[in-house]
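First up is the structure itself, then whatever we jot down about it.
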Amino acid sequence: MIVKSNMRKAGLYIHIPFCVRKCNYCDFYSLGCGSASSISEYIDALCTQIEREAEQYKGVIIDTIFLGGGTPSLLSPDEFLRLCGCIRANFELSSKLELTIEANPDTITRERLIAWRKGGVSRLSIGLQSADDEELRMLGRIHSYEGFERAYRLARELGFDNISIDLMYALPNQTTQGLEKSLERVCSLSPEHISAYCLKIEPSTPFSKMDLSLPDEDTQYEMYMMLCDYLSSHGYEQYEISNFSKNGRRCMHNLKYWLREEYIGLGPSAHSFFDGIRYSYAPSLDGYLSSINAGKMPECILEDTHEPDENEREDEYVMLRLRLSDGVDALEFEREFGKDLFSRYDFDKFIKSGHMKRTGSKIAFTQKGFFVSNYILSSILEYI
Amino acid sequence: MNEKQSKIRNFSIIAHIDHGKSTLADRILEYCNAVSKREMEEQLLDNMDLERERGITIKARAVRIEYTHKDGQSYVLNLIDTPGHVDFNYEVSRSLNACEGALLVVDSTQGIEAQTLANAYLAVDADLEIVPVINKIDLPSADVDRVRTEIEDVIGIIAEDCPAVSAKVGLNIDQVLDAIVDQIPAPKGDPDAPLKCLIFDSYYNAYLGVVVYVRVMDGTLRTGDKIKLMSTGAIYDVVEVGYLDAFGLKKGESLSAGEVGYITASIKTVSETRVGDTVTSTTNPAPEPLNGFKEALPMVFSGIYPADGARYNDLRDALDKLKLNDAALSFEPETSIALGFGFRCGFLGLLHMEIIQERLEREFNLDIITTAPSVIYKIQKTDGEIVYVDNPSNYPSPDTISVAYEPMVKASIITPTEYVGGIMDLCQDRRGIFKDMKYLDSARVELHYSLPLNEIVYDFFDALKSRSKGYASLDYELSGYEASNLVKLDFLLNGEIVDALTFIVHTEKAYGRARKIAEKLKDNISRQLFEIPIQAAIGSKIIARETVKALRKDVLAKCYGGDITRKKKLLEKQKEGKKKMRRLGSVEVTPEAFMAVLKLDDSEK
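In the order they appear, the protein sequences are chains A and B.
Residues 1 to 384 in this note's numbering are what the first sequence lists, from first letter to last.
Residues 1 to 605 in this note's numbering are what the second sequence lists, from first letter to last.
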């Protein structure tokens with residue numbers, strides 16, 4: 001199908017709330033030890049929802065799909081293809097569709113890789129987190145570095161040419177040198193994309209109850225600076241606080257979040273932004289299944305609907321765009337809101353202190369600014 | 001003396017804090033059916049919640065009780081309650097002057113403490129008949145004989161047959177009442193002489209105006225009389241006279257020599273009716289006022305600021321209201337660059353200051369920031385002029401000072417012998433000059449020191465308590481000014497002086513204190529986007545330096561799956577924290593951090 005450029009486009013996020021086991025740091029909605037039957041039942045429910053709701057997205061072209069979780073790579077080839085088939089049958093898809101699946105190294109098998117190719121997966125996002133087996137054990141990951149590398153090479157062999165690797169830093173007992181070693185190993189594989197997140201101890205995760213020796217603030221800063229420098233010197237462009245890509249292979253789906261573009265989220269705990277409204281489903285698989293199976297729309301498990309007013313929209317816009325290295329362009333801001341960015345927000349102090357930089361009509365965080373961006377945003381933004 | 005007068009007994013109860021004064025007062029009222037058990041709130045005489053909580057009595061009250069003695073005769077007993085703390089010594093002495101006798105309550109498990117002695121001396125000065133009462137004999141650790149001996153040896157009054165009671169369980173209360181009637185003399189005074197009434201307390205009532213408590217020394221006071229307050233010359237018409245029983249004011253026709261009661265006369269503020277002043281009548285005025293009147297002068301000062309600058313007017317209203325009932329509280333507006341608009345408040349002492357601060361927070365729901373307590377320095381300038389400085393920021397520059405004087409106190413500390421060493425170290429560290437040491441018995445010692453008041457106003461009480469496991473007690477009185485070597489110590493954040501942190505300190509202590517406060521500032525100021533130098537300076541000379549490093553990392557939130565709520569929540573949380581911040585120049589400081597800096601605890605070193 002030929003897609004006209006002026007057509008309404010949206011991303012599609014599908015949440016797969018199953019894992020082999022929950023990691024020690026993770027507080028996303030997911031159930032450990034997903035049994036084969038419940039996964040299958042869940043895929044049926046997702047398909048039912050898609051079939052029922054497709055009508056309301058008529059005229060919307062889906063140009064990115066992101067299967068996240070949980071561990072979407074847990075789906076069997078059959079389940080995965082069933083879901084893909086259902087999506088293709090009910091949504092209008094862009095010819096340049098970016099379809100990302102998140103994969104845990106341990107679940108990557110030849111059969112699955114073949115199925116993903118067949119289903120149209122164009123982007124593989126592998127959750128490595130660390131290239132150090134001791135650190136992986138500490139995080140509660142089920143794979144080893146060696147296992148990861150085997151999976152990675154297999155994926156390459158089978159033709160995946162857009163692979164992203166997730167890393168975490170500021171891990172318990174981690175040193176800057178240790179992190180550098182992980183980066184070295186990862187970069188030697190030349191993935192197209194790297195995401196590197198700073199470990200945050202979330203309440204009610206196992207980590208929050210453990211006595212961890214975490215790197216201090218200054219070490220974390222040192223790690224972040226080293227990481228940015230290292231990746232940049234290895235050909236990776238930092239296009240977002242925590243995301244780096246080679247040759248322009250940015251994650252188109254995630255960009256929608258940061259650019260305030262529309263996306264539809266399906267499954268428990270999935271978030272959507274559509275028609276100016278932000279909403280999310282409750283993190284409850286049972287609630288989701290029973291409402292779908294009872295023939296209801298999942299509205300009954302809507303957790304949160306919010307239509308941001310103009311002030312909030314502007315603040316959201318600035319908050320989200322400033323995550324990007326490109327920052328906010330005053331010309332675009334004015335086109336969108338009819339206001340002058342620089343009279344609406346006072347960035348001067350932070351430009352002076354070297355935390356932000358202004359280039360023509362654009363304002364963005366510097367690397368040093370990225371790392372204290374919450375502090376700065378909280379004093380700039382009034383309405384969120 | 002007429003028949004009526006001979007049946008009156010005016011008495012106070014004096015004691016060290018926690019020795020059971022208020023409980024004994026309750027039992028006496030209960031015993032005389034002045035109040036039934038059911039109606040009685042614990043410790044009835046203490047009107048304010050705060051008093052009850054702290055176990056101290058702040059404002060004196062007077063209650064009339066009828067008691068039938070075992071001789072079959074009926075007596076009128078006026079119990080005049082006194083404040084129980086060193087800060088209110090003057091008020092205590094006025095209350096005592098309204099009496100002929102005092103019950104000296106001593107805890108049989110503790111023995112004599114610093115305030116027992118101080119109060120006993122006040123009673124002796126007022127020529128009172130002292131009736132010792134040994135309390136808490138129900139406790140297993142009670143040692144009645146030891147305490148009897150101690151009272152006789154240390155205070156020099158006979159305690160051989162004095163009542164030994166348990167106010168808590170109501171044991172031997174009748175013995176106390178009999179002793180009051182038998183040992184305390186009836187009041188003297190001539191009902192027909194020119195009117196002389198001693199004001200020993202007053203409080204503001206929204207309906208009646210100021211209610212003035214008086215003891216009629218001479219003459220007779222009637223409703224409708226024109227009266228004059230002799231210290232100010234102010235004249236009022238008496239609207240009402242009467243007395244208090246346990247339930248409230250009881251209107252009467254007159255009060256005559258020897259009686260205790262109240263007057264209302266459409267008086268608007270308590271500062272017009274000063275404790276110790278003499279009330280006389282305009283038709284037949286007394287030629288001389290009663291002896292001993294002095295104005296209660298504040299000794300300790302501190303800046304009080306609203307944590308939220310918008311509540312300045314609320315703070316002023318609250319202080320106005322407190323002032324209605326507290327003549328000793330003084331305040332005037334002041335401005336701090338760091339803290340904005342607030343008030344410089346004067347207090348009788350540290351406890352008085354704490355009480356006012358707590359009442360502002362509790363009764364008026366105000367979040368306040370207080371600066372370090374200060375005293376009044378007397379400065380003789382090179383041009384001969386003498387100035388008094390109660391705000392460290394106004395301390396003159398050193399080259400204009402000829403001699404600086406600081407207020408000194410005579411301090412008496414009573415402690416179990418095992419803590420003497422630590423307490424002497426503390427006093428020495430606080431520039432104390434040892435006067436003498438007296439053994440009260442084999443286990444307890446009374447120490448006398450001359451100490452600068454500015455060393456006591458910091459955290460002397462806390463340090464004393466922590467060095468004596470809470471056993472040492474302190475009493476002090478102002479003893480005058482002494483020349484001293486003082487300097488003004490400033491603190492700079494990011495190069496700007498924070499006026500609210502400035503204080504006056506003895507030269508020898510300046511370095512140590514500067515270093516300590518700089519460290520505290522460093523520990524309590526959270527990292528900001530830029531590095532913050534902290535400096536302590538005497539004039540332009542920097543004597544201590546610390547640095548708060550720049551914030552380099554804060555919590556980052558992902559927007560995984562398009563969930564931006566986490567990010568928003570983080571921002572909200574951060575903003576809430578910021579809202580509470582005070583800007584000191586370019587630096588943001590939480591009120592908590594500010595207060596933490598003011599709490600020095602030298603005993604931790």
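Even glycine gets a Cβ: it sits at the ideal position worked out from N, Cα and C.
Values in this document were obtained by computation on a predicted structure and should not be read as measured data.
(request) Would you give the residue range spanned by the alpha helix (DSSP H) that F461/B belongs to? (result) In the second sequence, the residue the question calls residue 461/B occupies position 461. According to the DSSP assignment, F461/B belongs to the alpha helix (DSSP H) that extends over F460 to R467.
(message) I'd like to confirm the pairing. Which residues does DSSP put opposite P533/B in its beta bridges?
(response) As a working mapping, residue 533/B is identified with position 533 in the second sequence. Among the bridge pairs identified by DSSP, P533/B is matched with T547/B.
(request) Check whether the Cβ atoms of I180/B and L104/B lie closer than 8 Å to each other. (result) Looking up residue 180/B in the second sequence gives position 180. Looking up residue 104/B in the second sequence gives position 104. Against a cut-off of 8 Å, the Cβ pair of L104/B and I180/B comes out as no contact.
(message) List, in chain order, every chain B residue whose beta-carbon is nearer than 7 Å to that of E385/A.
(response) Since the first residue of chain A shown is 1 and the last is 384, residue 385/A is not available in this structure.
(message) Going by DSSP in three states, S269/A sits in which element: helix, strand or coil?
(response) As a position in the first sequence, residue 269/A is number 269, starting the count at 1. Coil.
(request) Starting from V105/B, trace the beta strand (DSSP E) both ways and give me its first and last residue. (result) As a working mapping, residue 105/B is identified with position 105 in the second sequence. Looking at the DSSP string, the run of the beta strand (DSSP E) that includes V105/B is G101 to D107.
(request) Could you spell out where the beta strand (DSSP E) holding G611/B opens and where it closes? (result) This structure gives no information on residue 611/B, because the portion of chain B shown stretches from 1 to 605.
(message) For the pair the region 397-408 of chain B and the region 329-338 of chain B, tell me if three or more CB-CB distances fall below 8 Å.
(response) They do not touch, by the three-pair rule.
(request) Indicate whether the contact test is met: 3 or more Cβ pairs, each with one atom in the region 465-473 of chain B and one in the region 499-518 of chain B, closer than 8 Å. (result) Contact between the region 465-473 of chain B and the region 499-518 of chain B is absent: fewer than three C-beta pairs spanning the two stretches fall below 8 Å.
(request) For K605/B, collect the residues of the same chain with a Cβ closer than 8 Å to its Cβ; drop the 5 residues on either side in sequence, then sort them by chain order. (result) Numbered from its first residue, the second sequence carries residue 605/B at position 605. Confidence in K605/B is poor, its pLDDT being 36 and thus under 50, which makes the residue's placement unreliable; the coordinate value appears in the next sentence. Apart from the 5 residues on each side of it in sequence, K605/B has no Cβ closer than 8 Å to any other Cβ in its chain.
(request) Quick one: grab the DSSP three-state call for L198/B. (result) As a working note, residue 198/B is residue 198 in the second sequence. Correct three-state label for L198/B: strand.
(message) Once the 5 residues before and after S361/A are set aside, which same chain residues still bring their CB inside 7 Å of it?
(response) The residue labelled residue 361/A in the question sits at position 361 within the first sequence. The answer, listed in chain order, is D329, A330 and L331.
(request) Please name the residues in the region 187-220 of chain A whose beta-carbon is closer than 7 Å to at least one beta-carbon of chain B, in chain order. (result) Taking 7 Å as the Cβ-Cβ cut-off against chain B, the residues of the region 187-220 of chain A that qualify are Y197, C198, K200, E217, D218 and Q220.
(message) My output table needs one value for P215/A: the three-state DSSP class, helix, strand or coil.
(response) Position 215 of the first sequence holds residue 215/A. Three-state DSSP puts P215/A in coil, outside helix and strand.
(message) Counting only beta-carbon separations shorter than 8 Å, does D304/A have a partner in chain B?
(response) As a working mapping, residue 304/A is identified with position 304 in the first sequence. With 8 Å as the cut-off, D304/A counts as an interface residue toward chain B.
(request) Please decide whether A270/A counts as near chain B, where near means a Cβ-Cβ distance under 8 Å. (result) Mapped onto the first sequence, residue 270/A falls at position 270. Taking Cβ atoms only, chain B reaches closer than 8 Å to A270/A, which makes this a yes.
(request) Express the C-alpha separation of S95/B and F594/B in angstroms, rounding to a whole number. (result) As a working mapping, residue 594/B is identified with position 594 in the second sequence. As a working mapping, residue 95/B is identified with position 95 in the second sequence. Roughly 39 Å between the two C-alpha positions.
(message) Suppose only complete runs of 4+ residues qualify. What are the alpha helix (DSSP H) ranges in the region 82-163 of chain B, listed by chain order?
(response) Within the region 82-163 of chain B, complete alpha helix (DSSP H) segments of at least 4 residues are found at 89-97, 114-125 and 144-150, given in chain order.
(request) Between the Cα of N10/B and those of D18/B, V214/B, D192/B and E91/B, spot the shortest distance and give me the residue it belongs to. (result) Sequence index remark: in the second sequence, residue 10/B carries index 10 (1-based). Of the listed residues, the one whose Cα sits closest to N10/B is V214/B.
(request) Indicate the three-state DSSP secondary structure (helix, strand or coil) for G369/A in the structure shown. (result) The residue you call residue 369/A lines up with position 369 of the first sequence. G369/A: helix per DSSP, three-state reduction.
(message) Counting only beta-carbon separations shorter than 8 Å, does F365/A have a partner in chain B?
(response) In the first sequence, counting from the first residue as 1, residue 365/A sits at position 365. No, F365/A does not count as interfacial toward chain B.
(request) For chain B, find out if any of its Cβ atoms is closer than 8 Å to the Cβ of E316/A; answer yes or no. (result) For this step, residue 316/A is matched to residue 316 along the first sequence. Cβ-Cβ to chain B under 8 Å: yes for E316/A.
(message) Quick check on N173/A: buried or exposed, where buried means 16 or more other Cβ atoms within 10 Å of its Cβ?
(response) For the purposes of this step, residue 173/A is taken as residue 173 along the first sequence, with counting starting at 1. In the assembly as shown, N173/A is an exposed residue. Its beta-carbon has fewer than 16 other beta-carbons within 10 Å.
(message) On the DSSP letters alone, give me the boundaries of the beta strand (DSSP E) that S280/A sits inside.
(response) As a working mapping, residue 280/A is identified with position 280 in the first sequence. Its beta strand (DSSP E) spans residues I277 to Y281.
(request) Find out if the Cβ-Cβ distance for the pair A62/B, V260/B is shorter than 8 Å. (result) Reading the second sequence from its first residue, position 62 is the one you call residue 62/B. Reading the second sequence from its first residue, position 260 is the one you call residue 260/B. For the 8 Å CB-CB criterion, A62/B and V260/B form a contact.
(message) In the DSSP assignment, the alpha helix (DSSP H) including H253/A goes from what residue to what residue?
(response) As a working note, residue 253/A is residue 253 in the first sequence. Taken as a continuous stretch (DSSP letters only), the alpha helix (DSSP H) holding H253/A covers M252 to W258.
(request) Note down, in chain order, every chain B residue with its Cβ under 9 Å from the Cβ of I301/A. (result) Numbered from its first residue, the first sequence carries residue 301/A at position 301. Around I301/A, no beta-carbon contact reaches into chain B at under 9 Å, the shortest distance being about 16 Å.
(message) Any C-beta of chain A within less than 8 Å: which residues of the region 563-594 of chain B qualify?
(response) Residues passing the 8 Å Cβ filter: D563, I564, T565, K567, K568, L570, L571, E572, Q574, K575 and K578.
(request) Kindly identify the DSSP beta-bridge partner or partners of I264/A. (result) In the first sequence, residue 264/A corresponds to position 264, counting from 1. L12/A.
(request) Report the three-state DSSP secondary structure of H506/B (helix, strand or coil). (result) Sequence index remark: in the second sequence, residue 506/B carries index 506 (1-based). Looking at H506/B - three-state DSSP - the assignment turns out to be strand.
(request) Output, in chain order, the set of chain A residues within a Cβ distance shorter than 8 Å of Y560/B. (result) By 1-based counting over the second sequence, the position of residue 560/B is 560. Annotation: Cβ neighbours of Y560/B in chain A (cutoff 8 Å, chain order): F28 and G68.
(request) Count the C-beta pairs between the region 22-33 of chain A and the region 197-206 of chain A that are closer than 8 Å, then say yes if the count reaches three, no if not. (result) Verdict: yes, contact present.
(request) With DSSP as the reference, label S164/A as helix, strand or coil. (result) As a position in the first sequence, residue 164/A is number 164, starting the count at 1. In this structure, DSSP gives S164/A an extended state, which the three-state scheme calls strand.
(message) In this structure, how does DSSP classify K357/A when only helix, strand and coil are distinguished?
(response) The residue labelled residue 357/A in the question sits at position 357 within the first sequence. In the structure shown, K357/A sits in a strand (DSSP, three-state: E or B).
(message) For a cutoff of 8 Å on Cβ pairs, would you count Y263/A as touching chain B?
(response) The residue given as residue 263/A occupies position 263 in the first sequence. Residue contact check for Y263/A against chain B: a CB pair falls below 8 Å.
(message) Based on DSSP bridge pairs, tell me the residues matched to G69/A.
(response) Numbered from 1 along the first sequence, position 69 holds the residue referred to as residue 69/A. The secondary-structure analysis by DSSP pairs G69/A across a beta bridge with I16/A.
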